[in-house]
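Engineer:
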Amino acid sequence: MAITITFGPNGHYHVNKGTGDEQGPDFHFLPISGSTKLRRMLNETNELIVCPGVYDGLSARIAMQLDFKALYMTGAGTTASRLGMADLGLAQLHDMKTNAEMIANLDPNGPPLIADMDTGYGGPLMVAKSVQQYIQAGVAGFHIEDQMLSKRCGHLAGKKVVSQEEYLTRLRAAKFTKDRLQSDIVLIARTDALQQHGYEECINRLKAARDLGADVGLLEGFTSKEQARQAVQDLAPWPLLLNMVENGAGPVITTHEAKAMGFRIMIFSFASLAPAYIGIKSALERLKTEGVVGTPEGLSPRKLFEVCGLSDSMKIDADAGGLAFTNGV
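Take the sequence shown: its position 185, counted from the start at 1, is 178 in my numbering, and no numbers get skipped.
(1) Are Ile178 and Phe215 touching if we call contact CB-CB under 8 Å?
(2) Any idea what DSSP makes of Ala53, helix, strand or coil?
(3) Is the separation between the beta-carbon of Asp185 and that of Gln140 shorter than 8 Å?
(4) In this structure, does DSSP put Asp177 in helix, strand or coil?
(5) State the start and end residues of the unbroken alpha helix (DSSP H) segment that holds Ala121.
(6) With respect to 7 Å, is the separation between the Cβ of Leu266 and the closest non-hydrogen atom of the ligand ZN below this value?
(7) With respect to the beta strand (DSSP E) encompassing Asn236, which residues constitute its N-terminal and C-terminal limits?
(8) Please determine, among Lys171, Thr282, Lys200, Ala79, the residue with the shortest C-alpha to C-alpha distance to Thr67.
(9) Of all the CB atoms in chain B, is at least one closer than 8 Å to the CB of Asn36?
(10) Quick check on DSSP: helix, strand or coil for Pro289?
(11) Alpha carbon to alpha carbon, how far is Ser28 from Gly131?
(12) Any idea what DSSP makes of Phe298, helix, strand or coil?
(13) Taking all protein chains shown into account, decide if Met(-6) is buried (16 or more other Cβ within 10 angstroms of its Cβ) or exposed.
(14) Give the straight-line distance between the Cα atoms of Leu205 and Leu76, rounded to the nearest whole angstrom.
(15) Below 8 Å on the Cβ atoms is my guess for Met57 versus Asp100; work out the distance and round it to an integer in Å.
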């Protein structure tokens, strides 16, 4: 009797016993974790994993509706949306973990979430606590950086980084924690040392992070496409992540160019936040001058709620025998 195990698009394993007349029933296992999904994308495919930056539930739902295979929770967007503040290291573990947990659990079978972990929010004990909380929140991967605790957005000037040894201390604490908890979470080592110390120092730091056991590298703030391409070559075959911030410190690199260069993950930190600013500002300006927002025809409250899982919520109620939506919505 043959047993076949297949992995379905909904994140479930399907086990089937036998073929032909011997064929038995399927057995369904629980969905695999987001971290395992992300690790499989890295290890078992050659695809470029494109992650739009999302900062709240609505932006995440829209990205999921468009069938992106992975998401990125931006620290800048989290700080702006939750605190109304600039990305200057003001968001702390509670802000970031709470937001990541909400996004990661919108759909248990949905795309894996990579989340910003900034500097780890303190010394080794605090880094360990942060990693444990991200794992418990269902985060699939995270990047931790070498900026000083009083950090700032990677695409602002004036960044300062800690020594390489202190940076590696953060990474060791992260690696020990994920190993202790037997987690598949993907550890991404980020360096912001380019402004202060130059390219070679960044490569040295990332090589040390790779040797320590980090899964992916991230050199923040490339100054040219040639430099980005060189980094992939200098660190090959270790997978690298590219943070694409349009109108930021570096050149615009498309997904097609990034794939050709050899990057394995590409995040667009401001992919949701910048368009949201443009759209909201335009609508409120019209409200102020014309007395209406100018919402396009067909974009009703129900349409927006559908994006946020209205039909799924109605089905849960109906399947349980509830009558809340008997007359529709």
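Glycine included, C-beta positions come from ideal geometry on N, C-alpha and C. Quantities reported herein were computed from a predicted structural model and do not represent experimental measurements.
Structural biologist: Walking through what the data contain:
(1) With contacts defined as CB atoms closer than 8 Å, Ile178 and Phe215 fail to qualify as a contacting pair.
(2) DSSP places Ala53 within a helical segment (H, G or I) once states are collapsed to three.
(3) Yes.
(4) Three-state result, Asp177: coil.
(5) For Ala121, the uninterrupted alpha helix (DSSP H) run begins and ends at 117 to 130, by DSSP.
(6) Because no ligand of any kind appears in the structure shown, any question about the ligand ZN cannot be addressed here.
(7) Residues 233 to 236.
(8) Minimum Cα-Cα distance from Thr67 among the listed residues Lys171, Thr282, Lys200, Ala79 corresponds to Ala79.
(9) Among the chains in the structure shown there is no chain B, since it carries only a single protein chain.
(10) Here Pro289 sits in coil by DSSP.
(11) Put simply, the backbone Cα of Ser28 is about 8 Å away from that of Gly131.
(12) The answer is helix: DSSP assigns Phe298 an H, G or I state.
(13) Residue placement at Met(-6) is flagged as unreliable, the pLDDT there being 47, under the threshold of 50; a coordinate-derived value is accordingly withheld.
(14) If you take the alpha carbons of Leu205 and Leu76, they lie about 35 Å apart.
(15) Rounded to whole angstroms, the Cβ separation of Met57 and Asp100 is 6 Å, and the two are in contact under 8 Å.
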